[in-house]
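Per our numbering, residue 12 is the first one in the sequence shown, and the count goes up by one each step. For each residue, glycine too, the CB sits at the ideal point set by N, CA and C.
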Amino acid sequence: ILELVLTGEEVCIKCNTDDTIGDLKKLITAQTGTRWEKMVLKKWYMIFKDHLSLGDYKTHYRMKLKLYYQ
Numbered sequence: 012i013l014e015l016v017l018t019g020e021e022v023c024i025k026c027n028t029d030d031t032i033g034d035l036k037k038l039i040t041a042q043t044g045t046r047w048e049k050m051v052l053k054k055w056y057m058i059f060k061d062h063l064s065l066g067d068y069k070t071h072y073r074m075k076l077k078l079y080y081q
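As structure tokens, this is what we get:
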């Protein structure tokens, strides 16, 4: 189980490495109430795509991601 810290709106999410980015956005929606379709997750300059898993991006425990809204 991973615990990710999202900046922009300080949110701490517990998830698995086989969860997709789309799944992660839906977990964020459950905590924040914002629409997941409007969310953009970034690490440095890389925008995370909804169909790829967290494991594909080699995420690790307490990794920080930037959360933006379109």
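What residue range is occupied by the uninterrupted alpha helix (DSSP H) comprising T43?
Under the DSSP assignment, T43 falls in the alpha helix (DSSP H) whose first and last residues are 32–43.
Leaving aside the five residues before and after K85 along the sequence, list all residues of the same chain whose C-beta is less than 6 angstroms from its C-beta, in chain order.
With the chain represented from 12 up to 81, any question about residue 85 goes unanswered, as that position is not in the structure.
If you drop the 5 nearest sequence neighbours on each side, which residues of the same chain put their C-beta closer than 8 angstroms to that of I39?
L17, V22, I24, T45, W47, M50, L78
Could you tell me which of K36, Q42, L65 sits nearest to M74, measuring between CA atoms?
The shortest Cα separation from M74 among K36, Q42, L65 belongs to L65.
When the Cα of D29 is compared with those of M57, Q81, L13, which residue comes out closest?
L13
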